[in-house]
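*Asks:* Before we start, here is the structure in question, set down as structure tokens.
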Amino acid sequence: MRIDGKGRVDRTRPVTYSFDGVTRTGLAGDTLASALMAEGELLLGRSFKYHRPRGVLTAGSEEPNALVTVRTGAQADPNTRATVQELYEGLTAVSQNRWPSLDFDLLAVNNLAAPFLGAGFYYKTFMWPKAFWEKLYEPMIRRAAGLGALSGAHDPDRYERAFAFCDVLVIGGGPAGLMAAWAAAKTGADVILCCEEPEPGGRLLSEDEQIEGRPALDWVQETVALLATRDNVRIMTRTTVTGAFDQGTYGALERVAGHLPEADGLPLECFWRIAARRAVLAAGALERHVAFRDNDRPGVMMAGAMRAYLHRWGVVPGQSVAVFGNNDDAHRTARDMAHAGVDVVALIDSRHDAENRAGDVPFYPGWQVARAHGGKALEAITLRAPNGRHEKLAVQGLGVSGGWNPSVHLTCHTGARPVWRDDIAAFVPRDGAVPGLSVAGAARGTFDTSGCLRDGAEAGLEAAQALGFSGALPHLPQADASPYRLRRLWAVAGKGRAWLDFQNDVTVKDVKQAAAENYVSVEHMKRYTTQGMATDQGKSSNVAALAILADATGRDIPETGTTTFRPPYSPVAIAALGAGAQGMGFAPQRFTTSHKASVAMGAPMIEAGLWYRPSYFPRKGETHWRHSCDREVTMVREAVGICDVSTLGKIDLQGRDVGAFLDFVYTNTFSTLKPGRVRYGLMLREDGHVMDDGTTARLSDKHWVMTTTTAAAGEVMRHLDWVKQAFCREMDVRFISVTEQWAQFAVAGPNSRALLNGLLDSPVDDESFPFMQCGPVTVGGVEARLFRISFSGEYAYELAVPARYGASLFDLLVARAEGMGGGAYGMEALNVLRIEKGHITHSEIHGRVTAFDIGFARMVSGKKDCIGKALAARPGLNEDREELVGLRPVSAGHLIAGGHLFGEGAEPVSANDQGYVTSVGYSPAMGCDLGLGFLRNGRARHGEKLRLVDHLRGVDIVVQVTDPVAFDPEGGRLRG
Amino acid sequence: MRIPCPICGTRDRREFYYQGAASMLDRPAAEAPLEVWHDYLHLRDNPAGGTRDLWYHASGCGSWLVVERDTVTHEVLGAALVEACDAD
């Protein structure tokens, strides 16, 4: 019900929303939880295991019970906490984990079976028979368990990732955080203030307190206004700092549009990585429950939450309430509720010597609440007097406080453990737990507002001073300094189930049973009972659970220890962490200058690393890729073809010592290469296996250009940087990647020279431009580079121009080629052409082959050292190896890459494996499939027949072993 | 994790490629015995505490760095250009 004159909601602005299909009205400023409470709706969900009715327990992100699914269809967001979901016009929410309805849940029958479903139930029950697990138990458990369900559809919402940098990051917008931000900002330091709530104020939003003799929120507003005027301060609201990482890196989730009816172009959420030189944690504290029988009835909530609902949203759970606590702070709830006109029927304080600080309310010092009554709503409580007498009181709401736990979470994210403080019966952060992070206010156990303001000011100033900024401590406003006194009480003795972890349905008995069964380590107890393993990570139950474990095992709490706190502090959607990486955003796309033309010609584009390359160029009447591929291969062999080879890595090297440097990175010698000449080179890794191959051209005395394969371009660049910086420091060599600066096209086929001479400003001939020649040319006045090199094994050139001329040159080359009976060819044809010639790609040099394996052992020069040379000579790398061979089918059927080779009479099992197939293609010139592969001692086995088997794809054919070079083995065509 | 690149300043570790122990700088002579090469290629210390690693500033200046850090505390103690330092 709503209380007149209370709360910060806007009573002039009604907001329409729906819950479980019923249209309702709340007020602007409400959360879903407060709006429902205003209408008397306390039942918001069903528990995970027993499907017990559950209501709102807290007023913040730590909420374990009130989980709902907001929005619908593909946008449905399960397990949203109703306590932090801001109400907006048209909000749609449904309850979870109930069937058929929240009010009548058939699986509540689990609750009756509770005696059998205690700790370790699954482990003990579903052990045997073994076969039942997969078919019966697991599907059954999966159906019964779980909270909300994902839509299963693609998430249409937009998310973002962003980076931010600051001198001082302040985590928390309460009195300590505001003072820390102000103290640091005054020194001139760049400050980011992250505040989980829609507005700063922290706990002050939920209290009736005064600062400097005026309402505390006046001070909050003035301080925020002061901060907002400064250029060096950034206030980020609705932003939860979720993790602390190394070197001052913090993760933070900003809820950008989750409170708006329409995102209107905004992302739903943004995940921030904040690099902060220093940070102040002022995250406050979370209140904890006391376990007693049926303490989970809707209407039982944290005492501090009850105050929050009253002061922030003007709502209370009922006409009559009681308050039960073990500390002075609980008295505030009784006092404030009575002031608001609610009937406070009892203030129960478990401390027999407590004084009533709530004014004129019935006071029960030394009493305890032994039981809550009711089903879907609280109806009454049973009190137990110090002498054991019981008394039953009818109430609609019960506020409970077992004390407050400082929010130590972030201080433990890099491995530190918190420290137990007996006086407040709580864990506090260890000093220096996270380098550069200090803690202020309730997060370190300072619970009074005055202390929080001082703590914050000191921490903020210290953080700035540590960075070299100077300033004075700001004025400390007068504020409440009441002491926080408590006497520990974790659970009220008695029969029945007393709940600790509401989200995972763990009781006091479960923890004691775990201890009895020797799960005495807190980490074991956690996993055995599942305490603290739900989405709330046990924020309101962990300390009580380990206190009960400590008691059950006869140890004290520090000795028992805590479980590990890990990021994130509160749930973060994977969609936010991976924002932008969905679909085509998963990896960058690299396009060549001929991309548009290729697409316009109907070429299917295939990925080659990050690049996109044309697969083939279909022509009219071609209905299968093989038609196009065969035609393109024949075109190159008989006329002329054009292929964009710009994706190959191009590295420009300059300096006096490039030759010597290349001698060290290539197995073969380059220093002897004359200007104007090109040489094929083989590169090894230091372990003696092949890294990459390619050609390097010497353009002039001190200017060279290396090409790498498309696949290994990045790896080779990194390798060259390594070799130069680590081992060749004295050499006069500089190099840079120019892959994207040059567009390069292969012009291949008998008509290639004729085609080029129609384009080049001065023609070339075989005498001035023999095989493996390179040199400058001009095309229509544009300075270009011509290379007489060939991957197709055909008479061929490669022509390179600055990238800005690439598109027009490609169009021109293709048009000329088509006029000469040729045209563009794609990757499929390129692959067939090189297989015909036995030219390797990374299908062959896949990381496990040596120069010996591919028949290039003689390319490892004996006259000089090179990377990989020493270890390439290791025993085992140069004998009895799987060697590169060619393969042709003998029986009917097609070759298949990935298939394995066996002796003709041998059983096709791994013990008999002789090798494998790496590349296959149909050769129109040879009129059959051709393959490349590796075969044990294969070079000595040319002519032998073998069995090619692929069990997965059902291939079993006979093949003949050949030389890898199937077409034009003398190389007459490429020399012309 | 953030790494202080001597050329670019302190940057997020996502800009860097991790290679391994800085002992890779101590490349044996070509004619060194096979055992020495074997140690160089395969054997690594696994220290709890101070360590020297090779990192490549792939999305930055292209420098190879020796980063000194502590495997226990995750503290990054400093970074130097490979060009300017020697192996252990």
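Residue numbers (my numbering), protein chains in the order written: chain H, 26 to 1001; chain U, 32 to 119. Virtual Cβ for every residue (Gly too), placed ideally from N, Cα, C. Given the structure is predicted, the values throughout are model-derived calculations rather than measurements.
Kindly list, in the order they appear in chain H, the residues whose Cβ is closer than 8 angstroms to that of residue 61(U).
*Replies:* Here residue 61(U) refers to the residue found at position 30 when the second sequence is read from its first residue. Simply 890, 894 and 895.
*Asks:* Residue 814(H): buried (16+ other C-beta within 10 angstroms of its C-beta) or exposed?
*Replies:* By 1-based counting over the first sequence, the position of residue 814(H) is 789. Looking at its Cβ environment, which holds 16 or more other Cβ atoms inside 10 Å, residue 814(H) is buried.
*Asks:* List the residues of chain H that residue 113(U) touches, going by C-beta distances under 7 angstroms, in chain order.
*Replies:* Position 82 of the second sequence, counting from 1, holds the residue named residue 113(U). The answer, in chain order, is 750 and 751.
*Asks:* When the cut-off is 8 angstroms and only beta carbons count, does residue 72(U) lie next to chain H?
*Replies:* One-based indexing of the second sequence puts residue 72(U) at position 41. So yes, residue 72(U) belongs to the interface.
*Asks:* Hey, quick one: how far does the beta strand (DSSP E) through residue 34(U) stretch, first residue to last?
*Replies:* Counting from 1 along the second sequence, the entry for residue 34(U) is found at position 3. From DSSP, the beta strand (DSSP E) with residue 34(U) extends over 33-36.
*Asks:* Would DSSP call residue 920(H) helix, strand or coil?
*Replies:* Working through the first sequence from its first residue, we reach residue 920(H) at position 895. Coil at residue 920(H), not helix or strand.
*Asks:* Below 8 angstroms between beta carbons: does that hold for residue 858(H) and residue 880(H)?
*Replies:* Within the first sequence, the letter at position 833 stands for residue 858(H). Within the first sequence, the letter at position 855 stands for residue 880(H). Taking 8 angstroms as the Cβ cut-off, residue 858(H) and residue 880(H) do not qualify as a contacting pair.
*Asks:* So, do the segment 418-428 of chain H and the segment 281-297 of chain H have three or more beta carbon pairs nearer to each other than 8 angstroms?
*Replies:* No: fewer than three Cβ pairs fall under 8 angstroms.
*Asks:* Along the segment 741-771 of chain H, where does the CB come closer than 7 angstroms to a CB of chain U? Name the residues.
*Replies:* Here the close residues are 743, 746, 747, 750, 751, 752 and 754.
*Asks:* Going by C-alpha to C-alpha distance, which of 423(H), 913(H) and 976(H) sits closest to residue 957(H)?
*Replies:* Here residue 957(H) is taken as the residue at index 932 of the first sequence, counted from 1. Residue 957(H) has its Cα closest to that of 913(H), out of 423(H), 913(H) and 976(H).
*Asks:* Relative to the C-alpha of residue 518(H), which candidate in 500(H), 445(H) and 410(H) has its C-alpha closest?
*Replies:* Stepping through the first sequence from its first residue, residue 518(H) is reached at position 493. Checked all of 500(H), 445(H) and 410(H); the closest Cα to residue 518(H) is 410(H).
*Asks:* Applying a beta-carbon distance threshold of less than 8 angstroms, which residues of chain H neighbour residue 87(U)?
*Replies:* Taking the second sequence and counting its residues from 1, the one referred to as residue 87(U) is at position 56. Residues of chain H passing the Cβ test: 743, 746 and 747.
*Asks:* What runs of the alpha helix (DSSP H), each 4 residues or longer, lie entirely inside the segment 871-908 of chain H?
*Replies:* The segment 871-908 of chain H contains these whole alpha helix (DSSP H) runs: 894-897.
*Asks:* Please classify residue 49(U): is it buried, with 16 or more other beta-carbons within 10 angstroms of its beta-carbon, or exposed?
*Replies:* Numbered from 1 along the second sequence, position 18 holds the residue referred to as residue 49(U). Exposed, by the Cβ-count rule.
*Asks:* Hey, residue 81(H) and residue 69(H) are a contact pair by Cβ (cut 8 angstroms); roughly how many whole angstroms apart?
*Replies:* Counting from 1 along the first sequence, the entry for residue 81(H) is found at position 56. Counting from 1 along the first sequence, the entry for residue 69(H) is found at position 44. Confirmed, about 6 angstroms.
*Asks:* Smallest Cα separation from residue 568(H): which of 315(H), 331(H), 693(H) and 744(H)?
*Replies:* Residue numbering aside, residue 568(H) sits at position 543 when the first sequence is read from its first letter. The shortest Cα separation from residue 568(H) among 315(H), 331(H), 693(H) and 744(H) belongs to 315(H).
*Asks:* Chain H beta carbons: is any one of them nearer than 8 angstroms to that of residue 119(U)?
*Replies:* For the purposes of this step, residue 119(U) is identified with residue 88 of the second sequence, where counting begins at 1. Only weak support is given to the placement of residue 119(U): the predicted model assigns it a pLDDT of 46, under 50, and the question is left unresolved by the model.
*Asks:* Check the C-beta distance from residue 236(H) over to residue 502(H) and give it rounded, since I have them as a contact under 8 angstroms.
*Replies:* Translated into positions along the first sequence, residue 236(H) becomes position 211. Translated into positions along the first sequence, residue 502(H) becomes position 477. Residue 236(H) to residue 502(H), Cβ: 5 angstroms. Contact.
*Asks:* Spell out the partners DSSP gives residue 668(H) in its beta bridges.
*Replies:* Reading the first sequence from its first residue, position 643 is the one you call residue 668(H). Beta-bridge pairing links residue 668(H) to 771(H).
*Asks:* May I ask you to list, following chain order, the residues of the segment 272-284 of chain H that have a beta carbon less than 9 angstroms from some beta carbon of chain U?
*Replies:* The segment 272-284 of chain H vs chain U, Cβ under 9 angstroms: 272, 273 and 274.
*Asks:* For residue 32(H), name the three-state secondary structure that DSSP assigns.
*Replies:* If you number the first sequence from 1, residue 32(H) lands on position 7. The answer is coil: DSSP assigns residue 32(H) none of H, G, I, E or B.
*Asks:* For the beta strand (DSSP E) containing residue 48(H), list its first residue and its last residue.
*Replies:* The residue you call residue 48(H) lines up with position 23 of the first sequence. Residue 48(H) -> beta strand (DSSP E) spans 47-53.
*Asks:* What's the call for residue 735(H), buried or exposed, on a 16-neighbour Cβ count within 10 Å?
*Replies:* The residue labelled residue 735(H) in the question sits at position 710 within the first sequence. Per the 10 Å Cβ criterion, buried.
*Asks:* Taking the straight line between their C-alpha atoms, what separation do you get for residue 564(H) and residue 90(H)?
*Replies:* Walking along the first sequence from the start, residue 564(H) turns up at place 539. Walking along the first sequence from the start, residue 90(H) turns up at place 65. If you take the alpha carbons of residue 564(H) and residue 90(H), they lie about 12 angstroms apart.
*Asks:* According to DSSP, residue 981(H) sits in a beta bridge with which residue or residues?
*Replies:* Numbered from 1 along the first sequence, position 956 holds the residue referred to as residue 981(H). 974(H), per the DSSP bridge assignment.
*Asks:* Which value, in whole angstroms, describes the spacing of the CA atoms of residue 491(H) and residue 212(H)?
*Replies:* Here residue 491(H) corresponds to residue number 466 of the first sequence, with the count starting at 1. Here residue 212(H) corresponds to residue number 187 of the first sequence, with the count starting at 1. Cα to Cα, the separation comes out at about 11 angstroms.
*Asks:* By DSSP, does residue 43(H) sit in helix, in strand, or in coil?
*Replies:* Within the first sequence, residue 43(H) is the residue found at index 18, counting from 1. Residue state, collapsed to three classes: strand.
*Asks:* DSSP three-state call for residue 118(U): helix, strand or coil?
*Replies:* Translated into positions along the second sequence, residue 118(U) becomes position 87. In this prediction, residue 118(U) scores a pLDDT of 46, lower than 50, which makes its location untrustworthy; the coordinate-derived value is nonetheless stated afterwards. Note: residue 118(U) maps to coil in three-state DSSP.
*Asks:* I need the straight-line Cα distance from residue 113(U) to residue 638(H), nearest angstrom please.
*Replies:* Taking the second sequence and counting its residues from 1, one reaches residue 113(U) at position 82. Taking the first sequence and counting its residues from 1, one reaches residue 638(H) at position 613. Approximately 37 angstroms, taken between the alpha carbons.
*Asks:* Start and end of the alpha helix (DSSP H) containing residue 594(H)?
*Replies:* One-based indexing of the first sequence puts residue 594(H) at position 569. Where residue 594(H) is concerned, there is no enclosing alpha helix (DSSP H), given that its DSSP letter is neither H nor E.
*Asks:* Could you tell me whether the Cβ of residue 439(H) comes closer than 8 angstroms to any Cβ of chain U?
*Replies:* In the first sequence, the residue the question calls residue 439(H) occupies position 414. It does: the Cβ of residue 439(H) has a partner Cβ on chain U nearer than 8 angstroms.
*Asks:* Buried or exposed for residue 179(H), going by 16 or more other Cβ atoms inside 10 Å?
*Replies:* Walking along the first sequence from the start, residue 179(H) turns up at place 154. By the 10 Å Cβ count, residue 179(H) comes out exposed.
*Asks:* Which residue marks the beginning of the beta strand (DSSP E) containing residue 362(H), and which one marks its end?
*Replies:* Here the question's residue 362(H) lines up with position 337 in the first sequence. From DSSP, residue 362(H) is part of no beta strand (DSSP E) but of the alpha helix (DSSP H) over 354-364.
*Asks:* Measuring straight from C-alpha to C-alpha, what distance separates residue 642(H) and residue 621(H)?
*Replies:* Reading the first sequence from its first residue, position 617 is the one you call residue 642(H). Reading the first sequence from its first residue, position 596 is the one you call residue 621(H). Between residue 642(H) and residue 621(H), the C-alpha separation is close to 13 angstroms.
*Asks:* In its own chain, which residues sit with a C-beta less than 6 angstroms from the C-beta of residue 215(H), not counting the 5 before and 5 after it?
*Replies:* Position 190 of the first sequence holds residue 215(H). Result list for residue 215(H): 191, 192 and 257, in chain order.
*Asks:* Assign residue 1009(H) to one of three DSSP states: helix, strand, or coil.
*Replies:* Nothing can be reported for residue 1009(H): it is not among the residues displayed for chain H, which extend from 26 to 1001.
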